[in-house]
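One structure is given below, encoded as structure tokens.
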Amino acid sequence: MKKLLALVFVLAMAAMAWAAPLDCGYFTADVPEGWTFEMVQQDDNSVTGVLKAPDNTLAFTVSALKASEQLTVKTAAGQFAQAHGATDLAKMDGEGESYEYTATVNNAPVYAQIFAIDDTAIGYIAVAGDHESELATNVFNSIEFKE
Numbered sequence: 039m040k041k042l043l044a045l046v047f048v049l050a051m052a053a054m055a056w057a058a059p060l061d062c063g064y065f066t067a068d069v070p071e072g073w074t075f076e077m078v079q080q081d082d083n084s085v086t087g088v089l090k091a092p093d094n095t096l097a098f099t100v101s102a103l104k105a106s107e108q109l110t111v112k113t114a115a116g117q118f119a120q121a122h123g124a125t126d127l128a129k130m131d132g133e134g135e136s137y138e139y140t141a142t143v144n145n146a147p148v149y150a151q152i153f154a155i156d157d158t159a160i161g162y163i164a165v166a167g168d169h170e171s172e173l174a175t176n177v178f179n180s181i182e183f184k185e
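In the working numbering, the protein residues as written are 39 to 185.
See the structure below:
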């Protein structure tokens with residue numbers, strides 16, 4: 039019985055380590071306690087911020103861009119990939135138009151996805167650090183853009 043209570047306590051403490059969704063203004067994300075968000079750029083056509091782990095092992099750059107005839111998901115993907123020196127930009131399978139690439143930026147591995155948020159906006163999420171970790175996957179999948 040003591041072992042069961044200890045396990046329940048450990049699981050409860052682990053669950054408490056996850057905060058409620060962090061409201062970052064233009065998106066929300068479920069992150070562990072201690073994570074921070076910093077707005078780095080905002081104008082009439084785009085907004086970008088960085089969501090960081092307290093130990094700096096993971097960082098998410100999250101952008102929303104105004105779509106136009108000149109700026110489509112495909113052109114945005116090409117511009118981001120070129121800016122990061124990526125050579126593996128690829129269209130993703132599935133619903134909607136989306137692209138992904140990997141790169142190395144400031145000696146850190148980066149994985150990025152570019153996709154349509156809706157008919158008027160393009161989303162960009164880049165993960166610096168171990169993007170294949172369970173934590174990175176959980177945070178990435180929890181990001182929800184606001185309308």
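By construction, the Cβ of each residue, glycine as well, lies at the ideal position given by its N, Cα and C atoms.
- In this structure, residue 181 sits near residue 100, with a CB-CB distance shorter than 8 Å.
- Note on geometry: alpha-carbon atoms of residue 159 and residue 177 lie some 21 Å from one another.
- Cα atoms of residue 118 and residue 71: separation of roughly 30 Å, rounded to the nearest angstrom.
- Under a 10 Å Cβ-count criterion, residue 171 is classified as exposed, with fewer than 16 other Cβ atoms of the shown protein chains found around its own Cβ.
- In the DSSP assignment, residue 172 falls outside any beta strand (DSSP E) and within the unbroken alpha helix (DSSP H) covering 172 to 180.
- Closest in alpha carbon position to residue 148, among 63, 125, 73 and 131, is 125.
- When the Cα atoms are used, residue 145 and residue 156 turn out to be separated by approximately 33 Å.
- Looking only at 80, 87, 174 and 123, the smallest Cα-Cα distance to residue 61 is reached by 87.
- Contiguous beta strand (DSSP E) elements confined to the segment 116 to 159 occur at 136 to 143 and 146 to 154, taking only those with 3 or more residues.
- Its Cα nearest to that of residue 151, the residue 164 stands out among 164, 142 and 143.
- In the three-state scheme derived from DSSP, where H, G and I count as helix and E and B as strand, residue 69 is classed as coil.
- Scanning 66, 73, 84 and 102 for the CA closest to the CA of residue 92 turns up 73.
- Nearest to residue 81 by alpha-carbon distance, out of 103, 140 and 132, is 103.
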